[in-house]
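As structure tokens, the structure follows; a few thoughts come after it.
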């Protein structure tokens with residue numbers, strides 16, 4: 437289901453559609469926010485952002501990308517938090533020149549991340565293949581979707597699952 | 002990807018960049034974030050049934066979990082009644098025990114869909130409440146079995162074959178669920194509830210099976226139905242009594 441269709445479902449009160457949007461967009465929004473504030477601050481802002489999405493979906497006029505709309509909400513929520521806790525700089529860095537280890541949190545070393553990738557499964561395993569294509573080979577979502585034979589929306593959602601799995605592995609390993 | 006613009010507006014619109022940024026904050030707990038979002042999304046106005054359940058159970062959170070049980074929503078109840086109704090009609094026409102076949106299947110499906118991630122939209126909400134998972138499960142199991150017992154008894158009016166399965170299985174299960182709920186509520190421990198529920202059932206089996214080799218037939222004797230129902234009512238009464246003290250302290254915290 438496309439993002440705009442999900443927004444329409446959310447506007448109709450479907451919380452499972454909200455969950456789908458959350459799965460697609462919360463990881464990257466968290467990544468962007470994390471550059472400017474601590475993890476707990478990101479969690480607060482993200483929560484307020486998606487609550488605002490839930491409440492404000494009816495106000496989404498369908499113009500522009502849903503991701504941009506959500507990011508706009510996140511920025512406003514971050515600004516609200518900044519007024520309470522200090523200044524927050526959300527200016528993005530050179531995304532295009534960053535590799536996967538650059539955008540990974542500072543606490544996670546490249547070697548640890550590679551170990552975590554390996555834990556996703558043997559070569560050819562669906563999640564590992566997705567992680568390899570997106571984060572190591574730098575493939576586009578469209579290419580990954582074509583390679584794996586799944587819709588682009590599913591690729592975005594599966595990034596969330598890969599992220600959860602990596603997070604669990606990294607925690608177990610005490611990284 | 003290497004040539005993608007660097008500006009924020011681009012990242013907010015580019016699925017490829019977003020996918021890559023999905024791995025950029027592994028120290029952010031998105032599950033916890035979602036729990037907070039889900040709690041807000043489910044913060045709908047409290048209806049009459051939920052308010053009543055909250056008073057009886059002494060826990061608004063538990064009441065919300067109960068009224069949101071997937072297999073207790075109106076559509077499910079209507080579907081169950083429809084299936085049993087069709088079963089009664091087919092049983093009368095074919096003289097085959099279709100109700101007896103359908104009733105336990107419905108109960109099994111209802112229990113399967115009473116709780117758990119993926120099937121229960123309130124499950125994530127329950128993770129944010131000061132309510133034990135087991136407490137939610139126990140209350141829901143009791144409610145589902147109680148409802149199925151009622152449906153089974155109603156169907157029995159139209160198909161005699163359903164009487165045996167209703168009395169022999171659903172009534173005892175409702176009793177055991179009520180007993181376990183009462184014990185768990187009184188002791189404020191789901192483990193105690195499970196232990197007492199199983200112990201009660203074991204005693205019932207052993208006591209009614211004395212002098213006979215067929216314990217299953219013995220525990221499903223129609224003569225025992227009043228006993229089961231009495232225990233079920235006693236369990237409900239005990240639950241309400243034990244909850245009455247907790248209401249003044251603002252709820253129940255289970256172990």
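Residue numbers (this note's numbering), protein chains in the order written: chain Z, 437 to 611; chain R, 2 to 256.
Positions of the beta carbon are idealized from the N, C-alpha and C atoms, including for glycine.
Identify, in the order they occur along the chain, each residue of the same chain with its Cβ nearer than 6 angstroms to the Cβ of residue 459 of chain Z, setting aside the five sequence neighbours on each side. Excluding five sequence positions before and after residue 459 of chain Z, the CB atoms of its chain that fall closer than 6 angstroms to its own CB belong to 593 and 596, given in chain order.
At a CB-CB cut-off below 8 angstroms, which residues of chain R make contact with residue 492 of chain Z? Result: empty, since nearest Cβ-Cβ is about 13 angstroms, beyond 8 angstroms.
Residue interval of the alpha helix (DSSP H) (run including residue 464 of chain Z): According to the DSSP assignment, residue 464 of chain Z belongs to the alpha helix (DSSP H) that extends over 451 to 470.
Rank Z:551, Z:465, Z:558 and Z:559 by C-alpha distance to the C-alpha of residue 514 of chain Z and give the top, closest one. For the residues Z:551, Z:465, Z:558 and Z:559, the minimum Cα distance to residue 514 of chain Z belongs to Z:465.
Indicate the three-state DSSP secondary structure (helix, strand or coil) for residue 18 of chain R in the structure shown. Reduced to three states, the DSSP call for residue 18 of chain R is helix.
Residues from the stretch 11 to 34 of chain R in contact with chain Z, defined by Cβ distance under 7 angstroms: Of all residues in the stretch 11 to 34 of chain R, only 12, 13, 14, 16, 17, 18, 19, 20, 21, 22, 23, 24, 25, 26, 27, 28, 29, 30, 31, 33 and 34 place a beta-carbon less than 7 angstroms from a beta-carbon of chain Z.
So, does the CB of residue 463 of chain Z fall closer than 9 angstroms to a CB anywhere in chain R? It does; some Cβ of chain R falls within 9 angstroms.
Take the Cβ of residue 461 of chain Z as the centre, count every other Cβ of all protein chains shown within 10 Å, and call the residue buried at 16 or more, exposed below. So residue 461 of chain Z ends up on the buried side.
Which stretch, first to last residue, makes up the alpha helix (DSSP H) that contains residue 486 of chain Z? From DSSP, the alpha helix (DSSP H) with residue 486 of chain Z extends over 475 to 492.
Taking 9 angstroms as the cut-off, decide whether the C-beta atoms of residue 510 of chain Z and residue 457 of chain Z are in contact. Taking 9 angstroms as the Cβ cut-off, residue 510 of chain Z and residue 457 of chain Z do not qualify as a contacting pair.
Compare the beta carbon distance of residue 175 of chain R and residue 147 of chain R with 9 angstroms and say whether it is the shorter of the two. Contact flag set, yes.
In chain R, which residues lie with their C-beta within 8 angstroms of the C-beta of residue 451 of chain Z? Neighbours of residue 451 of chain Z on chain R, chain order: 39, 42, 43 and 122.
Other residues of its chain near residue 605 of chain Z: CB distance less than 6 angstroms, five sequence neighbours each side excluded: Within the same chain, residue 605 of chain Z has close Cβ partners 552 and 555.
CA nearest to the CA of residue 449 of chain Z, picked from R:42, R:69, R:156 and R:178: When only C-alpha atoms are compared, the closest one is R:42.
Could you spell out the range, first to last residue, of the alpha helix (DSSP H) harbouring residue 586 of chain Z? If you look at residue 586 of chain Z, you'll find it isn't in any alpha helix (DSSP H); DSSP assigns it neither H nor E.
Is the beta carbon of residue 14 of chain R closer than 9 angstroms to that of residue 501 of chain Z? The Cβ atoms of residue 501 of chain Z and residue 14 of chain R sit closer than 9 angstroms to each other.
Kindly indicate if chain R contains any beta-carbon less than 9 angstroms away from that of residue 516 of chain Z. Not closer than 9 angstroms to any Cβ of chain R, the Cβ of residue 516 of chain Z fails to qualify, so no.
In this structure, does DSSP put residue 194 of chain R in helix, strand or coil? DSSP, read as helix, strand or coil, puts residue 194 of chain R in helix.
In whole angstroms, what separates the C-alpha of residue 234 of chain R from that of residue 177 of chain R? C-alpha of residue 234 of chain R to C-alpha of residue 177 of chain R: approximately 11 angstroms in a straight line.
Are residue 205 of chain R and residue 194 of chain R touching if we call contact CB-CB under 9 angstroms? No, these two residues do not count as a Cβ contact at 9 angstroms.
Which chain R residues are close to residue 470 of chain Z, counting only those with a beta carbon under 7 angstroms from its beta carbon? Those within 7 angstroms of residue 470 of chain Z in chain R are 25, 26 and 29.
With a threshold of 9 angstroms between beta-carbons, can residue 513 of chain Z be considered close to chain R, or not? Chain R, which has no Cβ nearer than 9 angstroms to the Cβ of residue 513 of chain Z, makes this no.
Secondary structure of residue 28 of chain R, DSSP reduced to three states: Here residue 28 of chain R sits in coil by DSSP.
Note down the Cα distance separating residue 78 of chain R from residue 69 of chain R, rounded to an integer number of angstroms. Across the structure, residue 78 of chain R and residue 69 of chain R are spaced so that their CA atoms are roughly 13 angstroms apart.
Cα-Cα separation, residue 47 of chain R to residue 564 of chain Z: Taking the straight line from one Cα to the other gives about 45 angstroms.
If I'm right that residue 88 of chain R touches residue 156 of chain R with Cβ under 8 angstroms, what's the distance once you round it to whole angstroms? Confirmed, about 7 angstroms.
Option in R:82, R:187 and R:202 with minimal Cα separation from residue 58 of chain R: The option with the nearest alpha carbon to residue 58 of chain R is R:187.
Residue 481 of chain Z to residue 39 of chain R, Cα distance in whole Å? Each residue's Cα considered, the two are about 15 angstroms apart.
Excluding the 5 residues flanking residue 139 of chain R on each side, which residues of the same chain have their C-beta closer than 7 angstroms to its C-beta? Excluding sequence positions up to five before and after residue 139 of chain R, its CB lies within less than 7 angstroms of the CB of 181, 182, 185, 191 and 194, all in the same chain and listed in chain order.
What is the rounded straight-line gap between the Cα of residue 154 of chain R and the Cα of residue 80 of chain R? Counting only the Cα atoms, residue 80 of chain R lies some 16 angstroms from residue 154 of chain R.
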